[in-house]
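Oh and the sequence shown: position 204 is 204 in full-length UniProt numbering, straight run, nothing missing. Everything on this sheet refers to the single structure shown next.
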Amino acid sequence: MEKILIVEDDEKIALLEQDYLEINGYETVWLADGAGVVSELRSHAYDLVLLDVMLPGCSGYDICRQIRDEIDIPILMVTARTESVDAIRGLGLGADDYITKPFDPSLLVARVRSHLKRYARLTAGKSEGVIESKERIHVQDVVLEPKTWKVWKKGKELRLPNREFELLRFLAENPNIVFSKEELFEKIWGYDYISDAATVSVHIGRLREKIEEDPRDPKIIETVWGAGYRLNA
């Protein structure tokens, strides 16, 4: 049974999340504040974190950053804020997705299920070497090893979360082709989502910060205005 850590200070919302997730076959644990989240994840095995943004004592943004620095796990952020900048900030810190309050519980379950399935497939590919691809892909001064999920820039290994690596791998395996944000979202995230454009843009931005000499003037992942993105081999 897959296990989900719920971090939410509003008891009514936490119980709602627990009820719907448990009805759908997931095990859940609820923490009402962010103080012990990272230690809980270090001590016990979880499959996904459902993380509220506004928490007493420590913001969800800070917790997201700490988790991403140490633990490879899907992070779904929950926010009551409606401004897109708040959601984008969470994605920029390494969250895989976000959902805004109030939300349809069935949509929450669908998002959780989608991320768990995709993460399971990605980690299976890592451990079993089942990804059929070239041994190494060279993109200018960046080198990818799809079977080991490793990336180097000028000989220095980079640390990429699953979603960023999969996005870079897809573009590297399809060089010099322009993909729209919608096409990339469908390929990498694999389900319909109203804010897909923001999600793709943020992950592209994070990739550029790591692989480009000057992220403000990218040469590897180029923006084709009005069309999408293209990786220049």
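Cβ atoms here follow ideal geometry from the backbone N, Cα and C, with glycine treated the same way.
- For Lys219, there is no enclosing alpha helix (DSSP H), since its DSSP letter is neither H nor E.
- Runs of the alpha helix (DSSP H) lying entirely within the UniProt domain "Response regulatory" (3-116) and spanning at least 4 residues, in chain order: 11-23, 37-43, 60-70 and 84-92.
- Per DSSP, Lys147 lies in no alpha helix (DSSP H) and is assigned neither H nor E.
- Counting other Cβ atoms within 10 Å of its Cβ, Ala95 reaches 16 or more and is therefore classed as buried.
- Just so you know, the alpha carbons of Leu5 and Tyr98 end up roughly 15 Å apart.
- As the crow flies, the alpha-carbon of Ile177 is around 6 Å from that of Arg230.
- The DSSP-derived three-state label of Glu157 is strand.
- Between the stretch 182-192 and the stretch 137-147, the count of Cβ pairs shorter than 8 Å is below three; the stretches do not touch.
- Proximity of the stretch 63-77 to the stretch 20-31 falls short of the contact definition, fewer than three beta-carbon pairs being nearer than 8 Å.
- Residue environment: Arg159 is assigned as exposed (fewer than 16 neighbouring CB atoms within 10 Å of its CB, all protein chains considered).
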